[in-house]
Every structure is written in C-alpha cells, then in structure tokens.
Amino acid sequence: MNLLSGEYECKLDPKGRLVLPAKVKGNLPEASGNQLVLVRGFEPCLVLYPRESWRVIHDKVMALDEFNEEYRQFQRNFFRGMTEVELDNIGRFMLPRTMLRYSGIEKEAIIVGLGNRCEIWDPEKYDEFLIKDQQSFSKLAQKFLSTDTPPASGPLAA
1 MNLLSGEYEC
11 KLDPKGRLVL
21 PAKVKGNLPE
31 ASGNQLVLVR
41 GFEPCLVLYP
51 RESWRVIHDK
61 VMALDEFNEE
71 YRQFQRNFFR
81 GMTEVELDNI
91 GRFMLPRTML
101 RYSGIEKEAI
111 IVGLGNRCEI
121 WDPEKYDEFL
131 IKDQQSFSKL
141 AQKFLSTDTP
151 PASGPLAA
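First residue of the sequence shown: 1, per UniProt numbering; consecutive thereafter.
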C-alpha cells in the first residue's frame, strides 16, 4: 500500500492549477493512474484522494440508508462540490473556483499527506488548525495511540 505523507508548500499558477509534489505523485497507487478526486474537507480545506482510496469512502457513504433523513443530509453535504481531476503531463491539476473560495486558498497552498489522502490548505488557515500546545498534542497521542484499536463512532465506523 502506498502511503501519502509529508507537508509541502506550493504555489498556484495564474490559471488556478497546482503542481502535485513529486514525492506525493510518486506514492499514488498505480491503479488510480492520474485520476484523483477532490472534495471539500470538514475543516476549511480541500481533500484529494487517489481514485482507488476514494472508491472505498464513496462506497461507505453510498451504503447509508437513503430513507434516513440524517444520512441523506450527510450524503448531500459530503458529495457537494466533489470533482474528478486529472494530472497533466507535468503533474498539475485544476482547483475549481468554488473549491478555492471554500478553502480560502489564493496563491499559496500547503499539501499535507495523510496516508490515503492529502489535504490542501491555505497556509494561514492550516496554521490556525494545528495544535499549538505540545501537552495537548501529547495527551491526544496517548489517548489514540495507547490502545490497539482506534475509537470508532458514527455512521461510517467500520
């Protein structure tokens, strides 16, 4: 399994395209090819999935009961703005204007690899969402990493 990791500073070109860093591109699963899926994050960021990873998430969301109002509302908001993007021959892809507005990204971006996906952030907003207090970070690490199984909750818990 390929692991998307690292933190990369990037610049958008005048047309709103972003070059995927070579290390990220090199770790994309071969099965996904140059096909990626871009969605709105839960925080004000964009989330970029290799097509293969997106299929797993997509199937979980689509398996929710469409007759349940809460699930429908989640599906509607989760898929809002979802777009398929394709890397060109130099590894660029277009960020739609609606996605740029949502995330606040203008000229610069931070790409953060998170295993099966990457988040794309406006640098200032990214900094706002990072944990500043190392003690708080340490407590979270202890909470989530001191057991063999991570806590699961909500409709997407496996």
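Don't be surprised by glycine CBs; every beta carbon is placed ideally from N, CA and C.
What span of residues does the alpha helix (DSSP H) with Ala141 cover, start to end? Within the sequence shown, the letter at position 141 stands for residue 141. Its alpha helix (DSSP H) spans residues 134 to 145.
Does Arg117 come out as helix, strand or coil in the three-state DSSP assignment? Along the sequence shown, read from residue 1 onward, the residue named residue 117 stands at position 117. Correct three-state label for Arg117: coil.
Counting only the same chain and skipping the five closest in sequence on each side, list residues whose C-beta sits under 7 Å from that of Pro96. Taking the first residue of the sequence shown as 1, we reach residue 96 at position 96. For Pro96, where only same-chain residues beyond five positions count, the Cβ hits under 7 Å are Thr83.
Distance, Cα to Cα, Ala158 vs Arg76? Translated into positions along the sequence shown, residue 158 becomes position 158. Translated into positions along the sequence shown, residue 76 becomes position 76. For Ala158, the predicted model reports a pLDDT of 46, less than 50, meaning its position is unreliable; a value from the coordinates is still stated below. Each residue's alpha carbon lies about 21 Å from the other.
Roughly how many angstroms lie between the CA atoms of Cys45 and Leu12, to the nearest whole one? Walking along the sequence shown from the start, residue 45 turns up at place 45. Walking along the sequence shown from the start, residue 12 turns up at place 12. Using only the alpha carbons, I get a separation of about 15 Å.
Leaving out five residues before and five after Lys143 in sequence, what residues of the same chain have Cβ atoms less than 7 Å from its Cβ? On the sequence shown, residue 143 is found 143 positions in, with the first residue counted as 1. Nothing listed; no residue qualifies.
Straight-line gap, Met62 to Glu52 (C-alpha atoms, nearest Å): Numbered from its first residue, the sequence shown carries residue 62 at position 62. Numbered from its first residue, the sequence shown carries residue 52 at position 52. If you take the alpha carbons of Met62 and Glu52, they lie about 16 Å apart.
In the DSSP output, which residue or residues are listed as bridge partners for Cys10? In the sequence shown, counting from the first residue as 1, residue 10 sits at position 10. For Cys10, which the question treats as bridged, DSSP gives the partners Ala109.
Whose C-beta lies closer than 8 Å to the C-beta of Leu3 among residues of the same chain, with five residues either side of it excluded? Within the sequence shown, the letter at position 3 stands for residue 3. So the qualifying residues of the chain are Asn27, Gly113, Gly115.
Range of the contiguous alpha helix (DSSP H) that encloses Glu52: Taking the first residue of the sequence shown as position 1, residue 52 is located at position 52. Here the alpha helix (DSSP H) through Glu52 covers 51 to 62.
Enumerate in chain order the residues of its own chain whose CB-to-CB distance from Glu7 is below 7 Å, with the five nearest sequence positions on each side excluded. Residue numbering aside, residue 7 sits at position 7 when the sequence shown is read from its first letter. Answer for Glu7: Ile110, Val112, listed in chain order.
In terms of alpha-carbon separation, which member of Val19, Glu86, Gly104 lies closest to Asn34? Within the sequence shown, numbered from 1, the residue matching residue 34 stands at position 34. Answer by Cα proximity: Glu86.
Assuming Leu64 contacts Phe79 (C-beta within less than 8 Å), just tell me the rounded distance between them. Residue mapping note: residue 64 aligns to position 64 of the sequence shown, counting from 1. Residue mapping note: residue 79 aligns to position 79 of the sequence shown, counting from 1. Contact doesn't hold; Cβ gap of about 12 Å is too wide.
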